[in-house]
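**Q** Attaching a single structure in structure tokens format; questions to follow.
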Amino acid sequence: MVQLSHVFRMNDVSLQTFLMQQPKLLEVVFPPHAAKQIKLSKFLAKVSYENEKEDSDKQARAMFEQYLHEIAQRKEGETRLNDLCCFWTGWDFLPPRREVLIANFTLPLSTLLRGPCSSNKRSKLPTSETCFLSLVLPVGHETYRDFLNAMDTAIECGSRGFAYA
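Residue 197 in our numbering is what sits at position 144 of the sequence shown, and the numbering runs on without skipping anything.
This is the structure in structure tokens:
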């Protein structure tokens, strides 16, 4: 195995010089924006649903899956899968390895205890617990349009993530 230090000394070559000498590596080091977009199939493979008990939960799941398919088709500048992932996890890329994105339908106890409406276990807006890769889906929307507006509003207002802190 040839080590890089035998080919040249890294101290003698800057990254810019190296990439100019090896232009094929430029996209590996700095992938184009389109290459960073999350694919719907990979996103869906990471989602695991928990606590789906009531009919309103099943309706919220169906609306959420419709929403995923819709935002996967959106153009740059609109809410997309990377934005949802950032809202859900704090990062605009999928979690590594076997970690899953948990979709719930009831607010966790920690959220109930600190919120002003702590007696209400249901919310019209999604809530995320980024440390646990958990998203509480909004339930009780009469129409898909209401669900879509709630999702887009929450994501647009809360998807800055840790990378921008």
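Virtual Cβ for every residue (Gly too), placed ideally from N, Cα, C.
All values derive from a computational prediction rather than experimental measurement.
1) Would you kindly work out how many angstroms separate the C-alpha atoms of residue 90 and residue 98, rounded to a whole number?
2) Return the CA-CA distance between residue 107 and residue 157, expressed in angstroms with no decimal places.
3) How far does the beta strand (DSSP E) with residue 22 in it extend, from its first residue to its last?
4) How many Å lie between residue 105 and residue 111 at the Cα?
5) Do residue 189 and residue 179 count as a contact pair if the criterion is CB distance below 8 Å?
6) Could you tell me whether the stretch 67-81 touches the stretch 120-128, where touching means 3 or more Cβ pairs closer than 8 Å?
7) Output needed for residue 152: all residues of its chain with C-beta closer than 7 Å, excluding positions within five of it in sequence on either side, in chain order.
8) Whole angstroms are fine: how far does the CA of residue 204 sit from the CA of residue 165?
9) Alpha carbon to alpha carbon, what distance is there between residue 96 and residue 113?
10) Helix, strand or coil: how does DSSP classify residue 118 here?
11) Find the nearest neighbour of residue 117 within the set 196, 146 and 184, judged by alpha-carbon distance.
12) Looking only at DSSP bridge pairs, what is residue 101 linked to?
13) Per DSSP, residue 187 forms a beta bridge with which residues?
14) Just to confirm my understanding: we take residue 131, look at its own chain, exclude 5 residues before and 5 after, and list those with CB closer than 8 Å. What are they?
15) For residue 148 and residue 73, what's the separation of their Cα atoms in angstroms?
16) Tell me whether residue 96 sits in a helix, a strand or coil according to DSSP, three-state version.
17) Is DSSP giving residue 127 helix, strand or coil here?
**A** From the atom records:
1) 15 Å
2) Between residue 107 and residue 157, the alpha-carbon positions lie close to 12 Å from each other.
3) Residue 22 cannot be examined here, being either before or after the span of the chain that is shown, 54 to 218.
4) 7 Å
5) yes
6) no
7) 186
8) Confidence in residue 165 is poor, its pLDDT being 47 and thus under 50, which makes the residue's placement too unreliable to answer from.
9) 18 Å
10) helix
11) 196
12) 155
13) Bridge partners of residue 187: 155 and 182.
14) 124
15) Looking at the two C-alpha atoms, the distance is approximately 32 Å.
16) helix
17) coil
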